[in-house]
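> Numbering (the numbering used here), first residue to last: 206 to 281.
Take a look at this one; I'll ask things after.
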């Protein structure tokens, strides 16, 4: 891989790292929201939506981590 393409991949990697950090912040906020739903409401639709959002956000973070690993491997 030439220097120019490696530099481009490094820039993309840095952008993805920043996005991953932002996504993890949203995930943390959603988890806090879910965890603060009163116990008597944890079988309701609101809790289920928050739980589904937490699961989806965790999957998105995982996929970004996979993408970052793939980019790193390509740059070797």
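Quick reminder that beta carbons are idealized off the backbone N, C-alpha and C, glycines included.
Between the segment 217-232 and the segment 256-276, do at least 3 Cβ pairs fall closer than 8 Å?
These segments touch.
> Excluding the five sequence neighbours on either side, which residues of its own chain have a C-beta within less than 8 Å of the C-beta of residue 228, listed in chain order?
262, 265, 266 and 269.
> Less than 9 Å separating the beta-carbons of residue 236 and residue 259?
Contact: yes.
> In chain order, what residues of the same chain have a beta carbon less than 7 Å from the beta carbon of residue 238, not counting five sequence neighbours either side?
Answer for residue 238: 255, listed in chain order.
> Anyone know if the C-beta pair for residue 206 and residue 278 falls short of 9 Å?
No, the Cβ-Cβ distance between residue 206 and residue 278 is not below 9 Å.
> In this structure, does DSSP put residue 242 in helix, strand or coil?
The answer is coil: DSSP assigns residue 242 none of H, G, I, E or B.
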